[in-house]
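A.B. asks: Structure provided below as structure tokens; questions to follow.
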Amino acid sequence: MSTAAQALAEAAQPIHPPPTSFWRQYVFSIDHKVIAKQFLWAGLLFLLVGGTLAMLIRWQWAYPYRPVPVIGQLFLRENGGVIGPATYQQIFTTHGLIMIFFAVTPVLIGCFGNFLIPLMIGARDMAFPKLNMYSFWTFLLSQLLVLASFFTDLGSAGAGWTTYPPLSTNVGTPGPGQTLVVAAIFVTGVSSTMGAINYVTTVIRMRAPGMGYMRLPLTMWGLWLTAILNALFVPVLGSAALLLLLDRNFGTQFFVAGASAVRGGGDPILFQHLFWIFGHPEVYILILPAWGILGDVIPFFARKPHHWYKGTVWAMVIVTVLSAMVYGHHMFMTGMSPLLGEGFMLFTLLISAPSMVVVLNWALTLWRASIRFDTPMLFALATVFVFGVGGLTGLFLADISMDLYLHDTMFVVGHFHFTMAAASFIGAMTGVYFWFPKIFGRKLDERLGKAHFWFTFVGITLVFAGQLLAGYAGQQRRLFDPFQYTFIQGLRGLNRWTSFFAFALFAGQFIFVWNFFKTLFGKAVPAGENPWQVTTLEWTATGSPPPFHNFDRIPEVVRGPHEFSNPEVRRLTGRDFAGQSEVLPGSAGPALAAARG
Amino acid sequence: MTAAPLPEHGYGLPHDVSVDGFRVDELIHFTLAAITVIFVVVAASLIWSFVKHRSGPALYSHGTRGSIGLVVGAVALVLVGVDGNLFIHTLGDMHQYFWNFKSAEAAQGAVLIEVNAHQWSWDARYPGADGRFGTPDDVITTDDIRIPVGVPVVVQLASTDVIHSLYLPNLRVKQDAVPGTITRITFQAKIPGEYEIACAQHCGPNHYKMRAVLTVLAPDAFRNWLADAGEDARRAYDPEDKEAHWGWEWRRFEP
Ligand SMILES: [Cu+2]
Ligand SMILES: [Cu+2]
């Protein structure tokens, strides 16, 4: 029996027959679940590329001027396997860009956003399924542009991931490689914008009956707010990239200025404003989905409702609003007006408040819980740790006085790796281990998962702590050979040990690769509908993997996302959880339960 | 004179040779202490939860008035006690010392220097005996900046190609050099010696080589050096060498 609200939802989203041709099913699919997998593959592949580039950077700092084993023989043959300064700047530039735009973004936002939004809000697909498909293929084009840049004369982009002009104009980085990469940023921006519009619309328009905003799983809040930030600020990045392309290839001078070597009446700082209006929200674009995932996974495995759910929701909303008002902290040293600098410093310090609310709510969720330490939970707890370290070290960098010394040092690198890289990567891994059974219908091996966890957690902590220490001692970022400086020479051992930990961290990731393929293609038992015994719609209202149309019947939501250890539920069902659309035996049906709230 | 700054000992902050660097160091140490306390408290509560509550029935609670009050209270405490303290201190330090170019320029015996950053070195210009920039007695050096101990130094920074950043680790200051504009930095050394000048902003393949040396001299030694160098500069002045005439009229600081 279905309620009137359900009947309306059914009428709005009728079941379409699944496509039958191979191309429509697996390649040019408009099914959000297939597109999610496409983003997952594309992202994981580039994670490997970006990780390999990181290993080259670490090799250079451990053994400057010495030939790189294996990779050197493959890609740096003309240089005897040795990394030179020009190659080095391409390595760190593309490492940053690939990790941010082409690896973490597609996994966290492209894969989880696509897969989870319709399933967690109880919809049959995205609001604009075709736009979704275009978003993926546009994204793939941008990845290909990045790959192509490596094979041009003079190589790939070398102006740093921040791409500051005039260095990123023909003055500093001539050649088609930098042009291709700037074009790739523009194209991936188009893809992100399409995806963002789709996500925002879907969450607003297609929530199942009863799924009020305050019943959304926190993953949905994270992904939705991220999509809003993307829709607002990625176009700003796009315009900066476009103007830069005009400067590079059509002789305009938006960002070119200077005296003898470069004449021009433009303003290099204008680019920095445009870049960071996007760039600081980007930090939250990557962290909000991870926060959201944690906001669900922690209560799921603590078997306890999320502490002060509304507080976390509002904290995430406030972070979203403030995120565009703090970007100036990246520009304290450009000679900006002191008053402006102080304003940005004030907002940057203020944004720590909602972040603290989020973290303390996790801590209180875990208080007097009944914790299950499965692999997803281990990754979730590690994310809390690395995000905590990242957030706390951010306090130094919010402050202009301390930035006089710390800005542009390895301390900044360590800080944003803890937040943007470690927290978003381990957060993404939390999601991969947790939703893998739903995406593929099989559960990843727990023992391999735990081995992968320890390598990742310990490795990442040591590597980025090494960066923080080097920066604390004053080492600048982006140095081909840091030891040219006398004051850094004492840090040789530190840099080398950090590299060793990085190599171990990288090697440990192959445990995951092995686990992934073994589970996917080896013998495995089906995961079952709800292997983690949790509450949200994707686990309680459909199978693993879900059918093409997601739900045989669109569910009617009757309660919040974290109903665990409720004594009433236990008395009625003998279980410690109740699904979001579950009608408990003896209660009067969904309509009445919905009316009661 | 060959310049030979000494390596630093240990992994901490490089030794401070400036008059105002301790203001930065004090904030760093305060922040370090504060975040250590926060980290230990939160970590201890988590570990307690892991060990103590790992099994047994979970508490059924979405948060009580008391526990929400705990969150709000803790956040307010940190916001006022840590963030607020940082903000107030930094406002004072910026206005009175680090960005107070007005009083630095006006100080008795203040040394004014123009620095032109370019790929990949630092050209410095001193006004010479006439006290004016852009005249034949200007002293010009490359990757070699000399200053007297104990008086404020004000540098106006320019760049002719890409963005660089003048960074003095032992004096806890840095400032970007941006093509098309002139930026300022001020500092004051208190211990004579030789220290490194670094470029902190990625500026091309040889960014790592954009190193220079700051020599802090006793006041007499500085005066003698500048006088001698001024004489040499006047003799060596070549009106045809346009490349060497990059100086500009000093721009008085007007906020
Ligand atoms: Cu930022
Ligand atoms: Cu430079």
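So the protein lines, in turn, are chains A and B.
Here my numbering is used: the first residue of the first sequence is 1, the next is one more, and so on.
Here my numbering is used: the first residue of the second sequence is 1001, the next is one more, and so on.
We put the beta carbon where it would ideally sit given N, CA and C, even for glycine.
It should be emphasised that the depicted structure is a prediction, and the values quoted were computed from it without experimental measurement.
Would you say glycine 279/A faces chain B, with C-beta separation under 8 Å as the test?
C.D. replies: No, glycine 279/A lies away from the interface with chain B (no Cβ there is under 8 Å from its Cβ).
A.B. asks: Excluding the 5 residues flanking valine 1115/B on each side, which residues of the same chain have their C-beta closer than 8 Å to its C-beta?
C.D. replies: Hits under 8 Å: Trp1122, Asp1123, Ala1124, Arg1125, Ile1145, Val1155, Gln1156, Leu1157, Ala1158, Leu1166 and Ala1177.
A.B. asks: Please determine whether the Cβ atom of alanine 1117/B lies at a distance below 7 Å from any heavy atom of ligand 2.
C.D. replies: Checking every heavy atom of ligand 2 against the Cβ of alanine 1117/B, one is found closer than 7 Å.
A.B. asks: According to a CB-to-CB cut-off of less than 7 Å, which residues of the segment 395-406 of chain A neighbour chain B?
C.D. replies: Those residues of the segment 395-406 of chain A that come within reach of chain B (Cβ to Cβ, closer than 7 Å) are Leu395, Phe396, Asp399, Ile400, Ser401, Met402, Leu404 and Tyr405.
A.B. asks: Taking Cβ positions, are alanine 241/A and glycine 189/A nearer each other than 8 Å?
C.D. replies: A contact, by the Cβ cut-off of 8 Å.
A.B. asks: Please tell me whether, using a cut-off of 7 Å, the distance from the CB of histidine 280/A to the nearest non-hydrogen atom of ligand 3 is below it.
C.D. replies: Ligand 3 is not among the ligands present in this structure, which contains only ligand 1 and ligand 2.
A.B. asks: Is glutamine 467/A buried or exposed, if buried means 16 or more other CB atoms sit within 10 Å of its CB?
C.D. replies: Looking at its Cβ environment, which holds 16 or more other Cβ atoms inside 10 Å, glutamine 467/A is buried.
A.B. asks: At a threshold of 7 Å, does histidine 1207/B count as lining ligand 2 (C-beta to nearest heavy atom)?
C.D. replies: True, at least one ligand heavy atom lies under 7 Å from that Cβ.
A.B. asks: Looking only at its chain, what residues have a beta carbon closer than 8 Å to the beta carbon of lysine 450/A, apart from the 5 residues adjacent to it on each side?
C.D. replies: The residues are Thr375 and Leu378.
A.B. asks: What does a CB cutoff of less than 6 Å around histidine 330/A pick up in its chain, not counting 5 residues either side in sequence?
C.D. replies: Result list for histidine 330/A: Trp276, in chain order.
A.B. asks: What residues of chain E sit near valine 1216/B, judged by a beta carbon separation below 7 Å?
C.D. replies: Of the protein chains in this structure, namely A and B, none is chain E.
A.B. asks: Which residues of the segment 1197-1208 of chain B have a Cβ closer than 8 Å to any Cβ of chain A? Give them in chain order.
C.D. replies: Flagged, chain order: Ala1198, Cys1199, Ala1200, Gln1201, His1202, Cys1203, Gly1204, Pro1205, Asn1206, His1207 and Tyr1208.
A.B. asks: Would isoleucine 1191/B and alanine 1212/B be called neighbours here (beta carbons separated by less than 8 Å)?
C.D. replies: Not in contact: isoleucine 1191/B and alanine 1212/B (Cβ atoms no closer than 8 Å).
A.B. asks: Please report the distance separating the alpha-carbon of tyrosine 134/A from that of glutamine 489/A.
C.D. replies: Their backbone Cα atoms lie some 51 Å apart in a straight line.
A.B. asks: Do asparagine 550/A and arginine 124/A have their C-beta atoms within less than 8 Å of each other?
C.D. replies: It is a contact, given that the beta carbons lie within the stated cut-off.
A.B. asks: Taking the continuous beta strand (DSSP E) assigned at isoleucine 1197/B, which residues delimit it?
C.D. replies: Run containing isoleucine 1197/B: 1193-1199, per the beta strand (DSSP E) assignment.
A.B. asks: Using the C-alpha atoms, what's the distance from glycine 1180/B back to alanine 261/A?
C.D. replies: At alanine 261/A, the pLDDT of 45 sits below 50, so the modelled position is not reliable; the number obtained from the coordinates is stated separately. Whole-angstrom Cα-Cα distance: 11 Å.
A.B. asks: So with Cβ pairs under 8 Å, would you call tyrosine 327/A a contact of chain B?
C.D. replies: With 8 Å as the cut-off, tyrosine 327/A does not count as an interface residue toward chain B.
A.B. asks: Comparing C-alpha positions only, which one of Pro526/A, Ala507/A, Pro561/A and Ala524/A sits nearest to threonine 540/A?
C.D. replies: Of Pro526/A, Ala507/A, Pro561/A and Ala524/A, the residue nearest in Cα terms is Pro561/A.
A.B. asks: Answer yes or no: the CB of histidine 407/A versus the heavy atoms of ligand 1, is any distance below 7 Å?
C.D. replies: The answer is no for histidine 407/A.
A.B. asks: Checking the sheet assignment: what are the DSSP bridge partners for leucine 1214/B?
C.D. replies: Bridge partners of leucine 1214/B: Ile1145/B and Tyr1195/B.
A.B. asks: With respect to the beta strand (DSSP E) encompassing phenylalanine 1187/B, which residues constitute its N-terminal and C-terminal limits?
C.D. replies: It spans 1183-1187 - the beta strand (DSSP E) in which phenylalanine 1187/B sits, taken as one unbroken run.
A.B. asks: Would you say valine 181/A lies against chain B (beta-carbon separation less than 8 Å)?
C.D. replies: It does not; no Cβ of chain B falls within 8 Å.
A.B. asks: Assuming contact is defined by CB atoms lying nearer than 8 Å, are alanine 428/A and isoleucine 460/A in contact in what I supplied?
C.D. replies: It is not a contact, given that the beta carbons lie outside the stated cut-off.
A.B. asks: Using 7 Å as the cut-off, classify the Cβ of glutamine 1175/B as near or not near the heavy atoms of ligand 2, replying yes or no.
C.D. replies: Checking the Cβ of glutamine 1175/B against ligand 2 gives no.
A.B. asks: By the 10 Å Cβ neighbour count, where 16 or more other Cβ atoms means buried, how is serine 323/A classified, buried or exposed?
C.D. replies: When all chains shown are included, serine 323/A counts as buried.
A.B. asks: For ligand 2, which residues count as neighbours when the test is a C-beta closer than 5 Å to any heavy atom?
C.D. replies: Answer in sequence order: His1164/B, Cys1199/B, Cys1203/B and Met1210/B.
A.B. asks: With distance defined between alpha-carbon atoms, name the residue in Pro18/A, Thr193/A, Ala7/A and His407/A nearest to lysine 1174/B.
C.D. replies: Looking at the Cα atoms, His407/A is the closest of the given residues.
A.B. asks: Indicate, with yes or no, if ligand 1 has a heavy atom lying under 7 Å from the CB of tyrosine 26/A.
C.D. replies: Outside the cutoff, so no.
A.B. asks: Does the Cβ of valine 1139/B lie closer than 7 Å to at least one heavy atom of ligand 1?
C.D. replies: Result no, Cβ not under 7 Å from ligand 1.
A.B. asks: Give the straight-line distance between the Cα atoms of leucine 397/A and asparagine 170/A, rounded to the nearest whole angstrom.
C.D. replies: Answer to the nearest angstrom: the Cα atoms are 32 Å apart.
A.B. asks: Quick one, which of Arg478/A, Phe500/A, Pro165/A and Met214/A has its alpha-carbon nearest leucine 246/A's?
C.D. replies: Ranking Arg478/A, Phe500/A, Pro165/A and Met214/A by Cα distance to leucine 246/A puts Pro165/A first.
A.B. asks: Would you say proline 85/A faces chain B, with C-beta separation under 8 Å as the test?
C.D. replies: Judged by the 8 Å Cβ criterion, proline 85/A is in contact with chain B.
A.B. asks: Please find out if some non-hydrogen atom of ligand 1 comes closer than 7 Å to the beta-carbon of histidine 330/A.
C.D. replies: Checking every heavy atom of ligand 1 against the Cβ of histidine 330/A, one is found closer than 7 Å.
A.B. asks: Counting only Cβ pairs nearer than 7 Å, list the residues of chain B close to aspartate 481/A.
C.D. replies: Ordered by position in chain B, the residues that pass the 7 Å Cβ test against aspartate 481/A are Tyr1208.
A.B. asks: Quick one: which chain B residues come within Cβ less than 8 Å of serine 370/A?
C.D. replies: Per Cβ cutoff of 8 Å: His1053, Arg1054, Ser1055, Gly1056, Pro1057 and Ala1058.
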